[in-house]
Structures are given as C-alpha cells and as structure tokens.
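Residue numbering for the sequence shown follows the UniProt record's numbering, beginning at 2 and increasing consecutively. The beta carbon of each residue, even a glycine, is placed where N, CA and C say it ideally should be. Because the structure is a prediction, the values reported are computed rather than measured.
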Amino acid sequence: SNIGVIFDLDGVIVDTAKYHFLAWKKLADSLGFEFTETHNELLKGVSRVRSLEILLEVGNKTITEAQKQAFLVSKNEDYLEFITKMTADEILPGVNKLLNYLDEAGIKYVLGSASKNAPLILKQVGLYNRFAAIVDGNSVTKAKPDPEVFLLGAEKMHIKPEHCVVFEDAIAGIEAAKNAGMFAIGVGDKKTLHKADYNVNNLTEISERFFETLMTLN
Ligand code: G16
Ligand code: MG
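Put into structure tokens, the structure is as follows:
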C-alpha cells in the first residue's frame, strides 16, 4: 500500500494515563502538594523528564539534580507495578479490529510513542509482534511536539511523511504529526484536539471506508 499508519501508545492503544497519574500523584503526595487529574492533562504525551518538571512547577518546588534523578527512578518503579499487571483486556475498543483490517489491506503500521516502557507494555497486552517497528522514548532524543518520533516511524515503513496517518490523543502529539507533515487523527476530546485533521472519540469510529478513501486520495 502507498500509505502507512503510526499509532501513539498511551491513550490510543491502551489507557496507561491512569497509571502515570497514580504514580505521579504518589510523588506529589510525598512532597506535600495536591496533584489533580486536570494537572495530569499537562503530562499527556510529554517525556518522563519533562513530566517531572511540570509536576514540580505545579507544586512550586525546586529540587537538586540528584533528587530529580531519584524521583524519576521511584516514579517509574511505581508505574511499573501497575504495568506489569496489565493484560490484553486493557487494549482500548476498536484497536484489534483496526489492526486486523490493516493487516488484511496490506497497510503497514508502526508505534510512535514517547514512552520508554512501550516495549514492555506491548508485550504485556500481547501486541508487541504486530507492529512493523516500534519507535519510542528509547529511540528518539526530541520529545513531541518535535516530529522526530513520527519521521523515524515513516522511515521505518519506507513511506513518505505526507502519506502517513497518525493516531494521537495528546495536543503535543497532534502538533508533532502536523510538524512532520502527516495526516493527524485526534482520538478523544474534539475541542482539546482541534488542531487534528480529523477527530474520533475512539478507534471503533474508524471504518474500512475511511482508509479506502485515504488511499484513493494519495
Ligand atoms: C506516554 C505518556 C506520557 C509519558 C510518556 C513517557 O506517551 O502519554 O504521559 O510521560 O509516555 O513515558 P515513560 O515514563 O513510560 O517513558 P505516549 O507518546 O505513548 O502517549
Ligand atoms: Mg498518548
């Protein structure tokens, strides 16, 4: 096929945002400040280091570089406690059906995530071997909204960026896709993701017709 698909992980394939939230909240609690789900929105799609910086800004805390490193480790340990219990039941609605369709249609797809835990999460839910490539927080240096993660994904598929479709749930991710010159599909709140080229509430809303139409356009 002449098009390629790039999937974000957290918020598109699985809902790990709730586990990130619980782990960050535990850190905030230990530092003695409130960290709400609204604050957590700011961390979506953002790298681990940047997430910690935002959290510290919320709590108005200044810490040493050594403390920062220690917090990054402990937050991830807490997060991994949840992740290692994940099963295929946590794959979001519409994902399996869409991947099956893409396989049948011969459309390549890769993962494009900010998470360093992406391989582990995909193994937990049994999707690790389905992607043509996994581009994640271990393979890129520049975080979304920088297009690096998606451009690398396109390269892995040997598909031109302008022929790539990106599924994203975060504002920073939609911006990264647009910065890469790709077609961006916002998964989630339409108002929040207004910069997307197309919006859906979840992947069950993506029909086969949708891809057939995209392929004719290219
Ligand atoms: C995910 C989450 C972010 C998280 C980031 C890094 O990105 O949305 O909240 O901070 O990964 O995760 P980790 O600490 O596991 O390396 P994505 O791009 O999959 O939405
Ligand atoms: Mg995401």
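- Between the C-alpha atoms of Asn3 and Thr65 there is a straight-line separation of about 50 angstroms.
- Leu99 and Lys62 have their C-alpha atoms some 44 angstroms from each other.
- Asn97 carries a helical assignment under DSSP once its states are collapsed to helix, strand and coil.
- Straight across, the Cα-Cα distance linking Ser31 with Leu215 is about 49 angstroms.
- Scanning its chain for C-beta atoms nearer than 6 angstroms, with the 5 sequence neighbours on each side dropped, one finds around Lys27 the residues Asp79, in chain order.
- Secondary-structure assignment with DSSP links Gly113 through a beta bridge to Val136.
- Here Ile122 carries a helix assignment [DSSP, helix/strand/coil].
- The stretch 139-201 contains, as complete beta strand (DSSP E) runs of 3+ residues, the segments 165-169, 184-188 and 199-201 (chain order).
- The Cβ atoms of Ala173 and Lys179 lie no closer than 8 angstroms to each other.
- Between Val136 and Phe168, the C-beta gap is not smaller than 8 angstroms, which leaves the two residues out of contact.
- Val6: not part of any alpha helix (DSSP H); member of the beta strand (DSSP E) spanning Gly5 to Phe8, first to last residue.
- Contact check for Val47 and Ala144: beta-carbon distance about 7 angstroms, within the 8 angstroms limit, so the pair qualifies.
- When DSSP states are grouped into helix, strand and coil, Val47 belongs to the coil group.
- The beta carbons of Lys109 and Met183 sit about 14 angstroms from each other, so the pair does not count as a contact at 8 angstroms.
- Between Ile7 and Gly95, the CB-CB gap reaches or exceeds 8 angstroms.
- A distance below 7 angstroms between beta-carbons, with the five flanking residues on each side excluded, links Arg131 to the following residues of its chain, in chain order: Leu100.
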